[in-house]
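Novice: Line by line, the protein sequences give chains W and A. Take the first sequence: its letters are residues 1 to 247, numbered as in UniProt numbering. Take the second sequence: its letters are residues 1 to 371, numbered as in UniProt numbering. Ideal placement from N, C-alpha and C gives every residue a C-beta, glycine not left out. Take a look at the following structure, please.
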Amino acid sequence: MEEKVIVCKDLTKRFGDFYAVNKISFEVNKGEIFGFLGANGAGKTTAMRILCGLSHPTSGEAMVAGFDVYKQPESIKKNIGYMSQKFSLYENLTVVENIEFFGGVYGVSSSEIRKRSDNLIQKLGLTAEAKKLVGALPLGWKQKLAFSVAIFHQPRIVFLDEPTGGVDPVTRRQFWDMIYEAAASGITIFVTTHYMDEAEYCNRVTIMVDGKIEALDSPANLKTQFEADNMDEVFYRLARRAKRSGD
Amino acid sequence: MKVLGYLLKKEFRQIFRDKTILAMMFAMPIIQLVILPLAMNFDVKSVNLAVVDNDHSSYSRQLIAKVGASGYFKIVAAEPSFQRAITYIEREKADVVLEIPPNFESNLVREGKQRVGVSVDAINGTKAAIGGNYLMTVIADFNKDIPINTGRNRTPPAGVIDITYSNWFNPLAEYRFYIVPAILVLLLTLIGGFMSALNIVREKEVGTIEQINVTPIQKWEFILGKLIPFWVVGMIVFTLGLLVAWGIYGIWPVGSFVTLYVFAAIYLVALLGFGLLVSTYTNNQLQAMFVAFFFMMIFMLMSGLFTAVDSMPPWAKMIANLTPVTHFIKVIRTIVLKGSGFADVQMELLYLVLFAVLLNGWAIFNYRKTS
């Protein structure tokens with residue numbers, strides 16, 4: 001049997017009488033690219049924040065990397081990487097300084113930081129920009145850098161919240177190459193998106209509507225199930241039932 | 001511990017990269033210490049005086065000459081009527097009107113007493129009150145000389161208690177000696193209270209705090225990582241302030257430097273704790289600024305920076321004692337001007353330590369990595 005790195009059962013987050021996440025249950029296998037789809041306001045980010053230990057669930061169970069989200073959020077944090085919707089590296093630090101800082105706080109040794117950081121900068125083609133402030137980089141580069149920083153400490157799972165929002169198609173393609181590479185090295189990828197072509201790149205996808213999971217399978221199976229030619233159609237059929245409007 | 005090292009490295013890099021803040025941090029103590037003590041001067045030197053002499057006698061002229069020679073007054077006008085003179089006050093050309101009634105001299109000689117009219121512009125309360133008082137003193141002095149001049153009653157009245165003053169610890173009673181130590185406190189308060197609050201709230205605003213919250217950084221590491229850099233900056237600014245106070249005003253602490261620095265160090269921790277606390281309750285820099293400013297106003301106006309806490313009503317005294325600023329201002333004045341030793345101020349140390357523990361404890365308690 002495959003190793004499960006995320007196990008969720010009836011996970012719920014309620015704000016007042018609003019169910020942002022309503023009894024969702026799913027499992028994610030090790031090394032999988034797991035897509036989390038849904039319209040704006042469907043509850044993707046809230047669900048992800050709970051799994052990262054940034055937000056307390058109201059009820060239900062969830063285990064991430066073998067740790068309980070209620071009792072061991074700090075242990076979870078040691079084993080995951082996170083890239084938020086909003087770019088959140090330090091814009092007034094240079095590329096190298098950001099890498100050093102985040103590597104350092106995850107406990108990567110300084111010699112290892114130097115070695116990996118040199119490789120990384122070379123791989124990203126940022127040699128000329130290594131000493132420039134991150135705020136001066138174009139968005140696409142920032143996103144690639146943010147992803148690289150999120151997996152720098154070689155976490156077991158990386159959570160990506162709409163990582164390619166606002167990025168051009170070429171860079172998006174390169175970004176997904178990086179995701180594949182990370183997955184091949186054994187890192188489980190948990191990614192939210194509302195680009196349906198990106199959904200096709202995932203091993204399995206769930207589609208969230210109004211805080212609930214409406215579908216969960218591989219893209220191929222979903223297309224057969226909903227008798228659709230592509231993921232776009234699958235998504236429209238499900239999303240049209242939504243009562244909540246996006247933000 | 002290693003994590004804290006990385007946090008400190010990052011904070012210092014960011015502080016030294018922000019040239020505006022850096023310049024402010026170092027220009028502020030110098031500019032404030034150079035300008036504020038000169039401007040915030042309650043010594044009243046030149047009170048503008050309008051005179052109405054309805055008597056035109058030698059006594060009235062003597063009185064006016066005496067007032068003019070006292071050095072506190074500048075006679076800006078001599079008018080024939082009170083109505084004309086009061087227009088000088090209305091136009092803010094004069095602060096005080098002195099009116100000498102007709103028959104001033106003859107009444108004085110004949111009856112031994114005479115009233116003069118003093119009208120003060122009370123809009124500038126301090127200047128008016130002090131100016132009025134000066135004028136009274138001069139007139140009283142003039143009064144004393146009259147019997148001698150008239151040749152009557154040469155024996156001085158019996159049983160007059162003569163009061164002589166001496167100002168201790170500030171012999172010339174100069175306001176700047178009073179205000180300069182307080183401005184040193186002001187500097188530390190601004191650095192401690194504002195900079196730390198705004199810095200953390202900025203991380204909230206930009207979203208980097210979320211990236212921090214998802215790492216295994218512990219709460220105390222994060223808070224110390226924010227406290228230490230501003231503490232260091234605060235101590236440098238304090239030292240710079242002491243040097244400026246010495247260079248420009250010749251104020252060199254009479255008391256021990258060790259005591260002074262121990263207090264400054266603890267006071268800064270308390271104020272940084274206050275800044276952190278504000279940052280945990282606010283979500284953006286505007287909110288933080290407003291909240292911090294609200295408290296700063298109370299700190300500034302109630303701490304005895306401008307007015308003595310001892311002359312406040314009891315309820316205000318209580319509020320004043322509930323701010324760390326009051327205690328530090330008291331201590332710094334006594335150490336710098338009076339040379340008080342540690343034993344004299346140990347109660348204040350206890351208060352400051354309490355503030356430091358309470359404010360920081362509250363801030364750490366209220367900072368949440370998981371919402």
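Does the beta-carbon distance from A/D95 to A/N48 come in below 8 Å?
Specialist: In this structure, A/D95 sits near A/N48, with a CB-CB distance shorter than 8 Å.
Novice: I need the boundaries of the beta strand (DSSP E) containing W/K4, first residue and last residue.
Specialist: 4-15
Novice: Examine chain W for any beta-carbon lying closer than 8 Å to the beta-carbon of A/K19, and answer yes or no.
Specialist: no
Novice: Leaving aside the five residues before and after A/V233 along the sequence, list all residues of the same chain whose C-beta is less than 8 Å from its C-beta, in chain order.
Specialist: I15, M25, I191, M195
Novice: By how many angstroms is the C-alpha of W/A146 removed from the C-alpha of W/L216?
Specialist: 28 Å
Novice: Assuming A/S58 is part of the alpha helix (DSSP H), what are its boundary residues?
Specialist: 58-69
Novice: Return the bridge partner residues of W/E214 from the DSSP annotation.
Specialist: Note: W/E214 sits in no beta bridge, so no partner.
Novice: From W/E91 to W/P57, what does the alpha carbon distance come to, in whole angstroms?
Specialist: 31 Å
Novice: For A/G241, report the span of its alpha helix (DSSP H) as first-last.
Specialist: 219-249
Novice: Report back the beta-carbon spacing between A/L188 and A/A264 to the nearest angstrom; my notes put them in contact at under 8 Å.
Specialist: 6 Å
Novice: Spell out the partners DSSP gives W/F190 in its beta bridges.
Specialist: Looking at the DSSP output, W/F190 sits in a beta bridge with W/F34, W/F159.
Novice: Give the C-beta separation of W/S30 and W/F36 to the nearest angstrom, bearing in mind that I take them to be a contact with Cβ-Cβ under 8 Å.
Specialist: In the sequence as displayed, the identity of residue 30 of chain W is Lys instead of Ser. Not confirmed; about 17 Å, so no contact.
Novice: Have a look at the DSSP bridge pairing and note the partners of A/G117.
Specialist: A/E99
Novice: In whole angstroms, give me the CA-to-CA distance for W/E61 and W/I213.
Specialist: 16 Å
Novice: Rounded to the nearest angstrom, how far is the Cβ of A/E105 from that of A/S57, given a contact under 8 Å?
Specialist: Under the criterion of beta carbons closer than 8 Å, A/E105 and A/S57 qualify as touching, at roughly 4 Å.
Novice: I'd like to know whether the C-beta of A/N366 is nearer than 8 Å to at least one C-beta of chain W.
Specialist: no
Novice: Buried or exposed, going by whether 16 or more other CB atoms sit within 10 Å of the CB of A/D145?
Specialist: exposed
Novice: For residue 248 of chain W, is the classification buried or exposed, using 16 other Cβ atoms within 10 angstroms of its Cβ as the cut-off for buried?
Specialist: Because chain W is modelled from 1 through 247, residue 248 of chain W falls outside the range shown and cannot be assessed.
Novice: Given that A/S371 touches chain W, what residues does it touch there, using C-beta distances under 8 Å?
Specialist: L54, S55, H56
Novice: Please say whether W/A150 and W/Y70 have beta carbons closer to each other than 8 Å?
Specialist: No, the pair does not count as a contact, with Cβ atoms beyond the cut-off.
Novice: A/G273 to A/K330, Cα distance in whole Å?
Specialist: 21 Å
Novice: Measuring only the C-alpha atoms, how far is A/Y367 from A/K219?
Specialist: 8 Å
Novice: Name the DSSP bridge partner or partners of W/Y82?
Specialist: DSSP output for W/Y82 lists W/F159 as bridge partner(s).
Novice: Could you have a look at A/T307 and say whether DSSP puts it in helix, strand or coil?
Specialist: coil
Novice: DSSP three-state label for W/V234, please.
Specialist: Look at W/V234 here: in three-state DSSP terms it is helix.
Novice: According to DSSP, is W/E97 part of a helix, a strand, or is it coil?
Specialist: Helix.
Novice: Thinking just about the alpha-carbon of each residue, which of W/T46, W/S75, W/L11 is nearest to the one in W/R156?
Specialist: W/S75
Novice: With W/I50 and W/E27 assumed to form a contact (beta carbons below 8 Å), what rounded beta-carbon distance in angstroms separates them?
Specialist: Under the criterion of beta carbons closer than 8 Å, W/I50 and W/E27 do not qualify as touching, at roughly 15 Å.
Novice: Opposite A/D53 in the DSSP bridges: which residues?
Specialist: DSSP, once it has assigned bridges, lists A/I100 as partnering A/D53.
Novice: According to a CB-to-CB cut-off of less than 7 Å, which residues of the stretch 74-92 of chain W neighbour chain A?
Specialist: Correct list: E74, K77, K78, Y82, S84, K86, S88, Y90, N92.
Novice: Using 8 Å as the threshold, is the C-beta distance between A/L352 and A/F328 below it?
Specialist: yes
Novice: Relative to the C-alpha of A/L184, which residue among A/L349, A/P29, A/A85 is closest?
Specialist: Comparing Cα-Cα distances from A/L184 to each of A/L349, A/P29, A/A85, the minimum goes to A/P29.
Novice: Measuring only the C-alpha atoms, how far is W/T224 from W/M231?
Specialist: 10 Å
Novice: Kindly indicate if chain A contains any beta-carbon less than 8 Å away from that of W/E112.
Specialist: Answer no: the Cβ-Cβ gap between W/E112 and chain A never drops below 8 Å.
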